[in-house]
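Chain order of the listed sequences is A and B.
Letter 24 of the first sequence, counting from 1, is numbered 24 in our numbering, and no numbers are missing.
Letter 4 of the second sequence, counting from 1, is numbered 1004 in our numbering, and no numbers are missing.
Here a beta-carbon is modelled for each residue, glycine too, at the ideal position from N, C-alpha and C.
Because the structure is a prediction, the values reported are computed rather than measured.
Notes follow the structure.
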Amino acid sequence: MFAVGLIAVLVSLVLAMARAIMGPTMFDRVLAANSTATLAVLSLSLLGFVTGRPDFLDIAILYTLLNLVGTIAVLKYFHPGEN
Amino acid sequence: MELFIDILSWLSIIIGGVFCIIGMIGLIRLPDLFTRLHGSSVTDTLGAGFLIFGMALQSGLSLTTAKLIIIFGLILLTSPVATHALAQAALHAGIKPKLTVDKTGGHIAGEE
């Protein structure tokens, strides 16, 4: 059952990466990177359950926090006028 | 009881996966940055919520469930903050939302 969820999350990851490659402005790419990180957290948790060792959850907690820090850091150092 | 929990867990994981895919299809197909934020938030709330609920049902009352609840709480806390900062930075940079009828009267918040 976890493999089904993992496949769905991987399909969504492909779509998010497509938006990150296509995105016309920088903000679309930041948004796609944010969604990619959330999906990566979900796929890490599901992968832990698929392999029967839910130890990956610690890494997932860490990655959730890194996601926020990364997004805010990119937006903090953005200067208006450079799309 | 075991069968009931299994069925509920299957349902939650399938619904969560479907919501993840729906949100990312929205990220691809919607016309504008500010509408794409909606698609991203579908994945962050409903997709993550149902998937984590399904995993928590399978692991029962244990440390794993506590970690899953911590992950969901962190996603719920950090995702709106990042989305709000992104929308405000985009408005500040001069990206205007696409409107069929201009109801703002020429004013958009964030514009000086």
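Output yes if chain B places a C-beta closer than 9 Å to the C-beta of Thr51 of chain A; else output no. Interface residue (Cβ-Cβ distance to chain B less than 9 Å): Thr51 of chain A is not classified as such.
The region 1001–1015 of chain B contacting the region 1024–1032 of chain B, beta-carbon criterion three pairs below 8 Å: Two segments are said to touch when three or more pairs of C-beta atoms, one from each, lie closer than 8 Å; by this definition the region 1001–1015 of chain B does not touch the region 1024–1032 of chain B.
Taking just the CA atoms, how far does Pro1080 of chain B sit from Ala1090 of chain B? Rounded to whole angstroms, Ala1090 of chain B to Pro1080 of chain B spans 15 Å at the Cα level.
With distances taken from CA atoms, which of A:Met1, A:Ala16, A:Phe27, A:Val9 is nearest His1092 of chain B? Taking only the C-alpha atoms, the option nearest His1092 of chain B is A:Phe27.
Could you give the first and the last residue of the continuous alpha helix (DSSP H) run that contains Thr1119 of chain B? The displayed coordinates of chain B run from 1001 to 1112. Any statement about residue 1119 of chain B would go beyond what the structure contains.
Which term fits Thr38 of chain A, buried or exposed, when burial requires 16 or more other beta carbons within 10 angstroms of its beta carbon? Under this definition Thr38 of chain A is a buried residue.
Considering only residues of the region 10–56 of chain A, which uninterrupted alpha helix (DSSP H) runs meet the minimum length of 4 residues and lie entirely inside it, listed in chain order? Residue ranges of uninterrupted alpha helix (DSSP H) with 4 or more members, entirely inside the region 10–56 of chain A and ordered along the chain, are 26–50.
Ile61 of chain A - DSSP class collapsed to helix/strand/coil: In the three-state reduction of the DSSP assignment, Ile61 of chain A falls in the helix class, which pools H, G and I.
Going by beta carbon distance, what residues of the same chain come within less than 7 Å of Gln1058 of chain B, once the five residues before and after it are set aside? If you ignore the 5 residues before and after Gln1058 of chain B, its C-beta comes within less than 7 Å of the C-beta of Ser1009, all in its own chain and listed in chain order.
Coil, strand or helix - Met1024 of chain B by DSSP: DSSP places Met1024 of chain B in helix when its eight states are reduced to three.
Residues in the region 1042–1055 of chain B having any Cβ partner in chain A nearer than 8 Å: Sequence-ordered contacts of the region 1042–1055 of chain B with chain A read Thr1043, Asp1044, Gly1047, Ala1048, Leu1051, Ile1052, Gly1054, Met1055 [C-beta pairs closer than 8 Å].
Helix, strand or coil: which one does DSSP assign to Glu1112 of chain B? Any reading at Glu1112 of chain B must be qualified, since the residue scores a pLDDT of 45, below 50, and its modelled position is unreliable; the value itself is stated next. Shown here, Glu1112 of chain B sits in coil according to DSSP, grouped into three states, outside any helix or strand.
With DSSP run on the structure shown, which of helix, strand or coil describes Ser1012 of chain B? Looking at Ser1012 of chain B - three-state DSSP - the assignment turns out to be helix.
Ile1123 of chain B to Gly1073 of chain B span [Cα, whole Å]: In the structure as shown, chain B begins at 1001 and stops at 1112. Residue 1123 of chain B is therefore absent and cannot be evaluated.
For my contact list, Ile1075 of chain B and Ala1048 of chain B are in at a C-beta cut-off of 8 Å; report their separation, rounded to the angstrom. Yes, Ile1075 of chain B and Ala1048 of chain B are in contact; Cβ-Cβ is about 5 Å, under 8 Å.
Using the Cα positions of Ile1025 of chain B and Thr51 of chain A, report the straight-line distance between them to the nearest angstrom. In this structure, the alpha-carbon of Ile1025 of chain B lies about 28 Å from that of Thr51 of chain A.
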